[in-house]
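Asker: FYI, the numbering for the sequence shown is 1 to 179, going by UniProt numbering.
Please read through the structure below; I'll follow up with questions.
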Amino acid sequence: MGTTFVLVTALLGFRALGALGVKRFASWPAAGAHALAVMLVMTASAHFVPASVTFMPNHADLTRMVPPFVPFPGLAVYVTGVLELLGAAGLVLTRRRRIAALCLAVLFVLLLPANIYAALADVPYHGGEPTPLWFRVPAQILYIAVALWAARSAAPAARTATPEGTAAGRTDVTPTARL
């Protein structure tokens, strides 16, 4: 529930900055991309927190959420944490936002079984009560939707191909110019 609160609060904060003239947050999808990045940094940090830390979710909490059919659950938690951090970085880089957002949508779909398993198996999260399925699934759908929405705010393609295969309107099509 805290992650959804962070997402919504960050979205409203970034959009307020956009309304005050900060061009980076001038559209709702761009503000959504940055809000999702904030949420992902927060959630990804839990993937690396040792079990001795009790004021926030930790690696052990997340490992318990991994369904039994997934091999090496501890490693899977670390990998997903890295992927979340990479996704967050991609969301704030306008040129990489579209691919990052689409990859995150896929990641959120792949993480859905862990959320379903944790709810159905009554896996406690952060030492508290298990999060019910009626909350986990809609939250995951929300994150997928925000990722796809954020993809809309990506920078337009740097160049488009003409029928002859050359760059339209560009004379600087050397490999270094495409970076």
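Just so it is clear, CB atoms sit at the ideal spot from N, CA and C, and this is done for glycine as well.
By Cβ distance, which residues of its chain are closer than 7 Å to residue 147, with the 5 residues on each side in sequence left out?
Answerer: Once the five neighbours on either side are set aside, the close Cβ partners of residue 147 are 36, 101, 104, 105 and 108.
Asker: Whether or not the segment 39 to 57 and the segment 13 to 29 are in contact is what I'm after, with contact meaning three or more pairs of Cβ atoms, one per stretch, closer than 8 Å; do they touch?
Answerer: No, because fewer than three Cβ pairs between the segment 13 to 29 and the segment 39 to 57 fall closer than 8 Å, the two stretches do not touch.
Asker: In the DSSP assignment, find the unbroken alpha helix (DSSP H) run with residue 92 in it and report its ends.
Answerer: Residue 92 -> alpha helix (DSSP H) spans 73 to 92.
Asker: Tell me the rounded alpha-carbon separation between residue 97 and residue 34.
Answerer: Whole-angstrom Cα-Cα distance: 10 Å.
Asker: So is residue 54 buried or exposed if we call it buried at 16+ other beta carbons inside 10 Å?
Answerer: So residue 54 ends up on the exposed side.
Asker: Can you give me the start and stop residues for the alpha helix (DSSP H) that residue 2 sits inside?
Answerer: Segment 2 to 19, the alpha helix (DSSP H) holding residue 2.
Asker: Could you please give the first and the last residue of the uninterrupted alpha helix (DSSP H) stretch that includes residue 136?
Answerer: Residue 136 -> alpha helix (DSSP H) spans 133 to 151.
Asker: Using the beta-carbon count (16 or more within 10 Å), is residue 91 buried or exposed?
Answerer: Counting Cβ neighbours within 10 Å, residue 91 comes out buried, since at least 16 surround it.
Asker: Span of the alpha helix (DSSP H) holding residue 63?
Answerer: Counting along the chain, the alpha helix (DSSP H) containing residue 63 begins and ends at 59 to 65.
Asker: In its own chain, which residues sit with a C-beta less than 7 Å from the C-beta of residue 114, not counting the 5 before and 5 after it?
Answerer: So the qualifying residues of the chain are 65, 66 and 67.
Asker: State the DSSP-derived secondary structure class of residue 51, mapped to helix, strand or coil.
Answerer: Correct three-state label for residue 51: coil.
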